[in-house]
Amino acid sequence: MSTGDVEKIGWFVEAWSRFTAALVTIVLVCVGLVVYQPALGVVVAVGLPVLALAVLPLLPRATRRADTQREKAGRATELASDTVAGLRVLRGIGGEELFLDRYRSASQEVRHAAVRSARMWSLISAIQVLLPGLLLIAVVWYGVQLARQGRITVGELVTVYSSVMVLTYPLRHFEEIAMAYSFSRPSAKRAAGVLSLERATDTAGSRTAETPSGDLYDPETGLLASTGRLTAVVCGDPDAAGLLAERLGGHPSQEGTAVLLGGVPLDELPLDSARTAVLVQDKDPVLLSGSLRSLLDVPASGAVEPREALAAAQCDDVLAALAQGSLDAADPMDARITERGRSLSGGQRQRLALARSLITDPEVLVLDEPTSAVDSHTEARIAQGVRELRAGRTTVVFTSSPLLLDRADRVVFLHDGEVAAVGAHRELVRTEPRYRAVVTRETEDEAAPNGEADLTDVLAELEEIEEKA
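Using my numbering, read the sequence shown as starting at 3 and increasing by one per residue.
Here it is as structure tokens:
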């Protein structure tokens, strides 16, 4: 939209100025001809509007063909983008030729649509050339008859002929404004749709700007995160967990239910206060390009130093990798991070994003699968580091990792969008089969009479990992 659509809208604005000047020129010349030589001036004054309006019946069909071409071109571009993004996977499964055939087919559809659209605009252009020529012939023929009858002089005929010749250039702008309108109308609709969007939350807020504190409560699911404690949330549906994480950040659900912080609905707070009170780190956080120092330069309370946050997120190897990859940075904090952190692994990006969130030190920190890309030993150390650094602050972690769950003060299990069980991790593993199935990924066959023995093995393995960490 910021490139193609805006350019088309700009074309229409530019063409409109030329069209306005052309229209004024035509009106003035027609009025002058009627005054100068009424007999021929009337012919020109009547013929020019006919020329200008002659292509109107063809414009709707030309617009539809242009829209069809753009629609097919958009689908082909999406297909090409998806193919390039998944090229490595396609090569692995041998699907390159299949997607190449699909793109060939989509490309041919675009070509056929473009040819049909070009034919229509060629017809309109031909009419815009043909009709002024016919008008010129009619004016000359009628002027010759009037000259033979002695009603006008040859000089007056030449003057009218020259004036009609001058008008053939302004008439071209009628075709241009028609094309510009047809191509820019869909673009203008898309731009207007985006510009008319409003925030789902009230940015000004209906309450004071004071940051509330207290328990975080979601009336829709019954989730309660006690103040100053680390609460882990287990949800079998990752998509539902992501939506709940967004709602905890102050985005109301479709039913309009708002999350309460200390009894205050978050959607009634000014946007700045709501963001200060609750920070949500989603499952796929984005790292901006620049130095590590600028990445960690975020609005914060000042209570957490960058070094402390990096240590809690276990970023020592990340700092070493950045220092090794940067030749001119003596301090790892000055090392450059590429766009979206592409030079780092998924686990390294995830830990840097976690450190950035810890630095902000919000009243409530919501983390959605913050350790899904790290190994178990690092995950155990991160769990302990986050617990110690966030002591006295409210932290909500969406996870199914036993290592994180075992470090939580309280575990909440959600089933079918509602709180099904609350307790300690080891207690829920023993007493809640549905919770155990989500955490241990066991199947119905595995959840048999031998489940108690298998559970003992899992807990023993968990303790062994913790000791090594």
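Even for Gly, the Cβ is constructed at its ideal location relative to N, Cα and C.
This one's a predicted model, so the numbers in the text were calculated from it and none came from an experiment.
Residue i vs residue j beta-carbon contact at 7 Å
i	j	result
R192	M3	yes
V36	A47	yes
A337	A355	no
L263	P301	no
V366	V280	yes
V282	V368	yes
I11	S186	yes
D370	F400	yes
P267	A276	no
A2	I361	Missing from the structure shown is residue 2; the chain here goes from 3 to 471 and no further.
G145	L53	no
A64	H175	no
A423	L416	no
I28	L55	no
T223	E420	yes
T85	F101	yes
S198	D7	no
A315	A357	yes
P134	L173	yes
L407	H427	yes
Where residue i sits in the DSSP three-state scheme
i	result
A17	helix
Q71	helix
P287	coil
D370	strand
A450	Below a pLDDT of 50, predicted positions are generally treated as unreliable, and A450, at 44, falls in that range; the measurement from the model is reported next regardless. Coil at A450, not helix or strand.
S378	helix
D239	coil
S293	strand
R438	helix
T22	helix
R153	coil
L391	helix
P364	coil
L225	strand
L42	helix
P254	coil
G6	helix
R443	coil
R338	strand
A332	coil
A455	Any answer about A455 is weak, because its pLDDT of 44 lies below 50 and its placement is not dependable; what the coordinates show is given next. The answer is helix: DSSP assigns A455 an H, G or I state.
V57	coil
L430	helix
R63	helix
T233	strand
Element boundaries [beta strand (DSSP E), containing residue i]
i	result
R412	412–417
T396	396–400
Segment limits, alpha helix (DSSP H) that includes residue i
i	result
D103	98–150
G425	Counting along the chain, G425 falls outside any alpha helix (DSSP H), though it belongs to the beta strand (DSSP E) covering 420–425.
D408	404–409
D318	318–327
D220	Taken as a continuous stretch (DSSP letters only), D220 belongs to no alpha helix (DSSP H), being part of the beta strand (DSSP E) at 218–220.
L197	156–197
A314	308–314
L298	L298 -> no alpha helix (DSSP H), and no H or E assigned at all.
T259	Careful: T259 lies outside any alpha helix (DSSP H) and carries neither H nor E.
D274	273–279
Rounded Cβ spacing between residue i and residue j (contact assumed at less than 8 Å)
i	j	result
V112	K74	5 Å
G252	D274	Contact flag wrong, Cβ pair sits at about 11 Å.
L297	L290	6 Å
Q39	V160	That pair is no contact at about 11 Å.
V156	L138	Contact doesn't hold; Cβ gap of about 17 Å is too wide.
T396	L218	6 Å
A234	A410	4 Å
L245	D220	Wrong, their Cβ atoms sit about 11 Å apart, outside the cutoff.
R77	A115	Actually they do not touch by this definition, with Cβ atoms about 11 Å apart.
Would you call the region 64–73 in contact with the region 119–127, where contact means no fewer than 3 C-beta pairs closer than 8 Å?
Result yes; three or more Cβ-Cβ pairs closer than 8 Å.
Okay, do the region 221–235 and the region 176–194 touch, 3+ Cβ pairs below 8 Å being the bar?
Judged by Cβ distances under 8 Å, the region 221–235 makes no contact with the region 176–194, as fewer than three pairs qualify.
At a cut of 8 Å, does the region 341–353 reach the region 373–382 through at least three beta carbon pairs?
Contact check between the region 341–353 and the region 373–382: three or more CB pairs, one atom from each, fall below 8 Å, which counts as touching.
Taking contact to mean 3 or more Cβ pairs, one atom from each stretch, closer than 8 Å, check whether the region 129–141 and the region 54–66 are in contact.
When Cβ pairs closer than 8 Å are counted between the two stretches, the region 129–141 is seen to touch the region 54–66, the count reaching three or more.
Are at least three pairs of beta-carbons, each pair with one atom in the region 402–414 and one in the region 436–443, less than 8 Å apart?
Output reads yes: the region 436–443 touches the region 402–414.
Is it the case that the region 302–322 contacts the region 383–398, given that we only count it when at least three CB pairs across the two stretches are under 8 Å?
Under the three-pair Cβ rule at 8 Å, the region 383–398 counts as touching the region 302–322.
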